[in-house]
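**Q** Just so you know, we're using my numbering here: the sequence shown kicks off at 8 and counts up by one.
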Amino acid sequence: LFYQLFQAGERMTQIKFPLVGVLLALVVVHTVSAGLASFFSQNSVKSATVVSCFGPKSTGKSGLLSEIYNREGPASDSDDVNIFYDQSQKVVVIEADIDDGVPSESSLVAAGTSDVILFNVPVSALSRDGLSSLKPLLEEICDSYAKGQVSLDSPKKLVLAIRDVDSSLEKTISDKIPVMVQELWDDLSRPLKAASLKFSEVFEL
Numbered sequence: 008l009f010y011q012l013f014q015a016g017e018r019m020t021q022i023k024f025p026l027v028g029v030l031l032a033l034v035v036v037h038t039v040s041a042g043l044a045s046f047f048s049q050n051s052v053k054s055a056t057v058v059s060c061f062g063p064k065s066t067g068k069s070g071l072l073s074e075i076y077n078r079e080g081p082a083s084d085s086d087d088v089n090i091f092y093d094q095s096q097k098v099v100v101i102e103a104d105i106d107d108g109v110p111s112e113s114s115l116v117a118a119g120t121s122d123v124i125l126f127n128v129p130v131s132a133l134s135r136d137g138l139s140s141l142k143p144l145l146e147e148i149c150d151s152y153a154k155g156q157v158s159l160d161s162p163k164k165l166v167l168a169i170r171d172v173d174s175s176l177e178k179t180i181s182d183k184i185p186v187m188v189q190e191l192w193d194d195l196s197r198p199l200k201a202a203s204l205k206f207s208e209v210f211e212l
């Protein structure tokens, strides 16, 4: 938590509002972490897989999650993230929007706490922007590994849900995705301790 606070405060320091940055980071980290802890406690969740679903607004994230999970269980909504619990599968799901290609601090904290990251993107956005909006999330997780806050013993699962693909293009896009992900990985800004990490050490695609 202190590391997440430092990172968020450091970002705000770069735009010359250090005190505001630290206070904002404190609120963000407390809200997300306390929100998850409270959610687990209030709903008697002793252990569960945590899945975070990210993507631009109005791209079908909620519909996708409703197809995969039972959303009739306990839920908690906030401005930045929505949390619900699928009791039958023992999965806590965090749903977060990415606005203008930039994840919120809450989203970054959520990514660091998740076992699975589900990235939802329309094929039109993929053609236009590639996987650029995924980059900050991967960089945040690399930072967590560098600080020893996330173990390399169990790579996170990274699931890319490409939406609205014409059936004739499915094979082409499916073949391109691993290449695009590797190119994105090679282009990440990573701390020195994470510079030599391979994608396969951190993620299972």
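Here a beta-carbon is modelled for each residue, glycine too, at the ideal position from N, C-alpha and C.
By the DSSP assignment, the beta strand (DSSP E) with Arg-170 in it spans what residues?
**A** 163 to 170 is the span of the beta strand (DSSP E), which, as asked, contains Arg-170.
**Q** Go ahead and pull the three-state DSSP assignment for Ala-55.
**A** Of the three classes helix, strand and coil, the one that applies to Ala-55 here is coil, per DSSP.
**Q** What first and last residue would you give for the beta strand (DSSP E) that runs through Asp-93?
**A** 88 to 93 is the extent of the beta strand (DSSP E) around Asp-93.
**Q** Measuring straight from C-alpha to C-alpha, what distance separates Ile-180 and Asp-136?
**A** Distance between the alpha carbons of Ile-180 and Asp-136 is about 14 angstroms.
**Q** Could you check how far apart the C-beta atoms of Val-4 and Val-100 are, in whole angstroms? I think they sit under 8 angstroms.
**A** Here the chain has residues from 8 to 212 only, and residue 4 is not among them.
**Q** Could you compute how far the alpha carbon of Leu-33 sits from the alpha carbon of Asp-173?
**A** Note that Leu-33 scores a pLDDT of 38, beneath 50, so its modelled location is shaky and nothing firm can be said.
**Q** For Pro-129, report the span of its beta strand (DSSP E) as first-last.
**A** 123 to 129 is the span of the beta strand (DSSP E), which, as asked, contains Pro-129.
**Q** Please classify Glu-211: does DSSP put it in a helix, a strand, or coil?
**A** Three-state DSSP puts Glu-211 in a strand.
**Q** Would Lys-164 and Val-209 be called neighbours here (beta carbons separated by less than 7 angstroms)?
**A** Cβ atoms of Lys-164 and Val-209: not closer than 7 angstroms.
**Q** Would you mind stating whether Ile-169 and Leu-133 have Cβ atoms separated by less than 7 angstroms?
**A** The answer is yes: Cβ separation under 7 angstroms.
**Q** Taking Cβ to Cβ, would you say Ala-117 is nearer than 7 angstroms to Val-98?
**A** Not in contact: Ala-117 and Val-98 (Cβ atoms no closer than 7 angstroms).
**Q** Starting from Tyr-224, trace the alpha helix (DSSP H) both ways and give me its first and last residue.
**A** Residue 224 falls outside the range modelled here, since the chain spans only 8 to 212, and no answer is possible.
**Q** For Ala-201, collect the residues of the same chain with a Cβ closer than 6 angstroms to its Cβ; drop the 5 residues on either side in sequence, then sort them by chain order.
**A** Hits under 6 angstroms: Cys-149, Tyr-152 and Ala-153.
**Q** Name the DSSP beta bridge partners of Gly-62, please?
**A** According to DSSP, Gly-62 bridges with Asp-104.
**Q** Could you work out which residue in Leu-141, Gly-70, Ser-65 and Glu-74 is closest to Glu-190 when comparing CA atoms only?
**A** Nearest option by C-alpha distance: Leu-141.
**Q** Considering just the uninterrupted stretch of the alpha helix (DSSP H) at Pro-198, what are its terminal residues?
**A** Taken as a continuous stretch (DSSP letters only), Pro-198 belongs to no alpha helix (DSSP H), as it is neither H nor E.
**Q** Using DSSP's beta-bridge definition, name the partner residues of Val-186.
**A** Answer is none; Val-186 lacks a bridge partner.
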